[in-house]
Structures are given as structure tokens and as C-alpha cells.
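Its first residue numbered 8, the sequence shown is counted upward by one per residue in the numbering used here. Step one of this worksheet: look at the structure below.
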Amino acid sequence: MSQYMGLFLEPLIEIINRPNTPKTLLENTAITIGRLGLVCPQQVAPFLQSFIRVWCSSLRSIRDNEEKDSAFRGICHMITLNPAGVVNDFVFFCDAIASWNNPKPDLKEMFNKILSGFKNQVGDENWRQFFEQVPPQLKQRLSTLYAI
8 MSQYMGLFLE PLIEIINRPN TPKTLLENTA ITIGRLGLVC PQQVAPFLQS
58 FIRVWCSSLR SIRDNEEKDS AFRGICHMIT LNPAGVVNDF VFFCDAIASW
108 NNPKPDLKEM FNKILSGFKN QVGDENWRQF FEQVPPQLKQ RLSTLYAI
């Protein structure tokens, strides 16, 4: 499947970034991209920066379910392989993971590792500056869920 990834991924990235795309199409496209990242993260991760903001915004408002779970697992694998691809839109990722009501323990641990990894990578002062820019409600939710 990995040899065909470009054939699948390019149109999906185009769809997710297209203005005025219907909400359900955005959600389904985001889930598909996440699932592709679950099975072929090495092929999808290099493109992370081209879709991560819309991806996060598309999935933040859907209810917790297996589709959302698998999509987020895929995005976590991609972020692990290409953390630079999410740096500019990290607040959107934070907002998306805060949208979960009850992630499975292993998924929550993936989120926690990414948050901790970014915090450690940028250093305390830069993290503090970043976190000051986070909206208060999101800051509270992240602090409650992930003790950051």
C-alpha cells in the first residue's frame, strides 16, 4: 500500500484544504488521513504541515468513537516521526486532544508523550511563553487532563 500513498494522499490533502468543504467531508477526509498515517506513517508524516491545522479543527468537535481514535493514533505516529510538521500549529493539536472526553489510556499516554516531548524540546521558558498564549479554557483543560 505504501507505494500508492501519493495517489491517495494528494487528493485528500487537496480536499481538506479546499475552502467551503462540507463539514462531513472534512471530518471523513481527516479520519482517512489519520488512518493512512496509522498504517503508513513514514509516507504521510512528511506532509503533516500541509494539513495539520485543518485536520485538528475538523476532528475537535466530533464525539469520541473508534474512527476518531484510529485517526488520532495515526496523527500521533506522524507527529512522532515529524514533530517539526506540527510546531507552527501546535495549539491546534492541543485543542484537538483537549476535545476528547475519555480517550483510551494508551491513546491518552500518546498525547501525554507528545505534550511532554514538546515541552522538553523547547525548554521551560519557551514553553511558558507558548502556554501564556493558549486560551484560558484550553489551558485549564490541558492542565487537568495532562498535568502540564
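By construction, the Cβ of each residue, glycine as well, lies at the ideal position given by its N, Cα and C atoms.
- In the three-state DSSP reduction, residue 112 falls in the helix class (H, G or I).
- Taking a contact as a CB-CB distance under 8 Å, the pair residue 152 and residue 105 counts as one, their CB atoms being some 7 Å apart.
- In this structure residue 29 is exposed. Its beta-carbon is surrounded by fewer than 16 other beta-carbon atoms within 10 angstroms.
- Less than 8 Å divides the Cβ of residue 85 from the Cβ of residue 52.
- Within the region 114-149, the runs of alpha helix (DSSP H) that reach at least 4 residues and sit entirely inside it are, in chain order, 131-140.
- With 16 or more other Cβ atoms from the protein chains shown falling within 10 Å of its own Cβ, residue 80 counts as buried.
- With contacts defined as CB atoms closer than 8 Å, residue 59 and residue 99 qualify as a contacting pair.
- A Cβ-Cβ distance of about 4 Å is found for the pair residue 65 and residue 33, placing them in contact under the 8 Å criterion.
- In the structure shown, residue 28 adopts coil according to DSSP, grouped into three states.
- Nearest in C-alpha terms to residue 93, of all of 44, 31, 15 and 56, is 56.
- The beta carbon of residue 41 sits closer than 6 Å to those of 78, 81 and 82, all from its chain and outside the five residues before and after it, given in chain order.
- The C-beta separation of residue 39 from residue 19 comes to about 6 Å, placing the pair in contact by the 8 Å criterion.
- Counted as a single uninterrupted DSSP element, the alpha helix (DSSP H) harbouring residue 50 occupies residues 48-51.
- DSSP places residue 98 within a helical segment (H, G or I) once states are collapsed to three.
- The Cβ atoms of residue 23 and residue 62 sit closer than 8 Å to each other.
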